[in-house]
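To keep things clear, I will list the structure first and then write my remarks on it.
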Amino acid sequence: MENINGKVFLSIHHENAQELLYNAIFHFTQENDIITASFYSKSICYGELVGLVNKTGILHVILNLFCTDSTFYSGTCDFQLKRMEDVSILYGNITLSSENQLHQKIILQEITPS
């Protein structure tokens with residue numbers, strides 16, 4: 001996986017999107033294979049994730065987020081990075097737990113210049 005330190009990504013809407021994370025902005029930092037990010041959106045007051053890139057280039061993360069309606073979610077996601085023209089795209093399968101478990105896909109598109 002290419003280094004995403006200092007990059008900013010936006011979760012984009014797609015058919016199977018997790019609406020809670022729609023239009024969330026992620027600010028990434030990376031040191032070696034350890035990646036962290038803070039994120040927020042219209043419905044998320046604050047979110048954070050921490051993850052590790054494995055030998056095959058898959059980023060495994062755990063995440064927590066606190067929403068504007070005072071709900072809290074915790075979950076996991078596995079991301080794969082793909083390069084599309086001049087931007088990076090992170091594709092993932094996310095599982096969030098609260099009172100119920102939510103299983104969805106998530107797509108993050110780089111919005112910082114490369």
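Quick note on full-length UniProt numbering: the sequence shown kicks off at 1 and runs consecutively.
All residues carry an ideal CB built from backbone N, CA and C; glycine is no exception.
Predicted model only: the values in this text are computed from it and were never measured.
Query raised in the report: With a CB to CB cut of under 6 Å and the five nearest residues on each side skipped, what residues in its chain are close to residue 61?
Result: 49, 51 and 77
Query raised in the report: What are the start and end residues of the beta strand (DSSP E) that includes residue 24?
Result: Per DSSP, residue 24 belongs to no beta strand (DSSP E) and is neither H nor E.
Query raised in the report: Who are the near neighbours of residue 12 in its chain, counting only those whose CB is closer than 6 Å to its CB and skipping five residues on each side?
Result: 107 and 109
Report task. Output the distance between the C-alpha atoms of residue 74 and residue 28, rounded to the nearest integer angstrom. Result -> Distance from the CA of residue 74 to the CA of residue 28, rounded to the nearest whole angstrom, comes to 18 Å.
Query raised in the report: Can you tell which of 98, 47, 31 and 30 has the C-alpha that lies nearest to the C-alpha of residue 38?
Result: Of 98, 47, 31 and 30, the residue nearest in Cα terms is 47.
Query raised in the report: If residue 24 and residue 44 are in contact, beta carbons under 8 Å, what's the gap, nearest whole angstrom?
Result: With a contact defined as Cβ atoms closer than 8 Å, residue 24 and residue 44 qualify at about 6 Å.
Query raised in the report: To which residues of the same chain is residue 79 closer than 6 Å at the C-beta, ignoring the five residues directly before and after it?
Result: 59, 90 and 92
**Report entry** residue 99 in three-state terms, based on DSSP
**Finding:** coil
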